[in-house]
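Engineer: The structure's right below; bear with me while I get my questions together.
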Amino acid sequence: RATTRRGPVTAPLAYPPAGDAAQKSFIKDATERLLRLPTVASKQFLITIGDRTVGGLTVRDQMVGPWQTPVADVAVTASGFEATTG
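Shown next, in the form of structure tokens:
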């Protein structure tokens, strides 16, 4: 089976002229669109994505309460299974 690799096809982005009011509006709109993405604007995705204690060394994580709200300002991890330090 013969395969060939193709690179991505990219087109240059057309910016308004520098210093123009349209450029400021363009950048503002692009920033607002970017920050609407939950994986960019919210770090809850990173905190709650998976099992936070999978290694077995987590003593206390940042989640608090019955709804596991990430409000604690510390997470403590032991340095080993028999260790008293972390």
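Under the UniProt record's numbering, the residue at position 24 of the sequence shown is numbered 24, and the numbers go up by one with no gaps.
Backbone N, C-alpha and C define an ideal beta-carbon position, used for all residues, glycine too.
For clarity, every value in this text was computed on a predicted model and none was experimentally measured.
1. Report the partner residues of P70 according to the DSSP bridge assignment.
2. Just tell me which of A78, V64 and L35 has its CA closest to the CA of L57.
3. Can you check whether the CB of Q23 is closer than 8 Å to the CB of P12?
4. Mapping DSSP to helix, strand and coil, what is E82?
5. Does the beta carbon of P16 fall short of 7 Å from some heavy atom of the ligand GTP?
Structural biologist: In this structure, then:
1. The sequence position of residue 70 within the sequence shown is 70, counting from 1. The partner list for P70 (beta bridge, DSSP) reads M63.
2. Taking the first residue of the sequence shown as position 1, residue 57 is located at position 57. Closest option to L57, Cα to Cα, is A78.
3. Along the sequence shown, read from residue 1 onward, the residue named residue 12 stands at position 12. Along the sequence shown, read from residue 1 onward, the residue named residue 23 stands at position 23. Not closer than 8 Å, so no.
4. Numbered from its first residue, the sequence shown carries residue 82 at position 82. If DSSP states are grouped into helix, strand and coil, E82 belongs with coil.
5. Judged by which ligands are present, the structure shown has none, so any question about the ligand GTP falls away.
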